[in-house]
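Here this note's numbering runs 122 ahead of the position in the sequence shown, where the first position is 1.
Glycine is no exception: its CB is placed at the ideal position from the N, C-alpha and C atoms.
Here's the structure we're looking at; comments come further down.
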Amino acid sequence: MKRASKKQREIRFNSGKCGRIICVNSYAEQEYAKKLEADDRVENYEENCCLDPEQFQHVNPVGIRAAYMKQEWKTDFLIHHTDGTQAVREVVREDELTKATVLEQLELSRRYWEAVGVSDWRVALFQEGVVSPAP
């Protein structure tokens, strides 16, 4: 998850599943998108999906900075499966998991998606050229 207003590098490539050029912000996200492209269970996916600020009122704010609740955020991937279910994946480098701000942002993402009815939320961990788990 990242701030919507933050300028980041853009990596663009054609997505067969999405039927358009998609734009991700890191090598790790690009690698994860490749996994999504190869997975038969994935119908399509949305990258850098903006969170609806109106929904933050339904998110439990305990342990989350008040300033975070007032900012605009993007989730890395909202995945639409062929069986009609949805899933969310936040791509994180392994070394970032020691940062309190990253953990807080991940928790905000998890609570947000739970509040809007998406229960399949996971972190896709990036380690030296490998992204896990599978979609």
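First through last residue of the alpha helix (DSSP H) which encompasses residue i
| i | result |
| --- | --- |
| T223 | 222 to 237 |
Beta-carbon proximity list for residue i, same chain, < 8 angstroms, skipping 5 on both sides
| i | result |
| --- | --- |
| Q208 | L200, I201, H202, V240, D242 |
| V181 | M191, L230, R233, Y234, A237 |
| S158 | The sequence shown places Leu at residue 158, rather than the Ser named in the question. K139, V164, Y167, F199, I201, P257. |
| N147 | K124, Q130, R131, E132, I133, N170 |
| T204 | D162, R163, V164, E165 |
Buried versus exposed, by CB contacts within 10 Å (16 or more), residue i
| i | result |
| --- | --- |
| K196 | buried |
| N136 | exposed |
| D174 | exposed |
| I216 | Note that residue 216 is Glu in the sequence shown here, rather than Ile. E216 is exposed by the Cβ-count criterion. |
| R187 | exposed |
| V210 | buried |
Cβ of residue i within 8 angstroms of any chain B Cβ
| i | result |
| --- | --- |
| W243 | No chain B appears in this structure, which consists of one protein chain only. |
Beta strand (DSSP E) segment containing residue i, residue limits
| i | result |
| --- | --- |
| V213 | 208 to 215 |
| V245 | 242 to 249 |
| R134 | 133 to 137 |
Own chain residues within Cβ distance below 6 angstroms of residue i, not counting five before or after
| i | result |
| --- | --- |
| E132 | C145 |
| V238 | Q177 |
| Y149 | none |
| Q249 | E216 |
Residues of its chain near residue i, where Cβ-Cβ distance is below 7 angstroms and the 5 sequence neighbours each way are ignored
| i | result |
| --- | --- |
| V224 | V214, E218 |
For this session: Please go through the stretch 144 to 198 and give each complete beta strand (DSSP E) segment of 3 or more residues, from N-terminal end onward.
Result: 164 to 172
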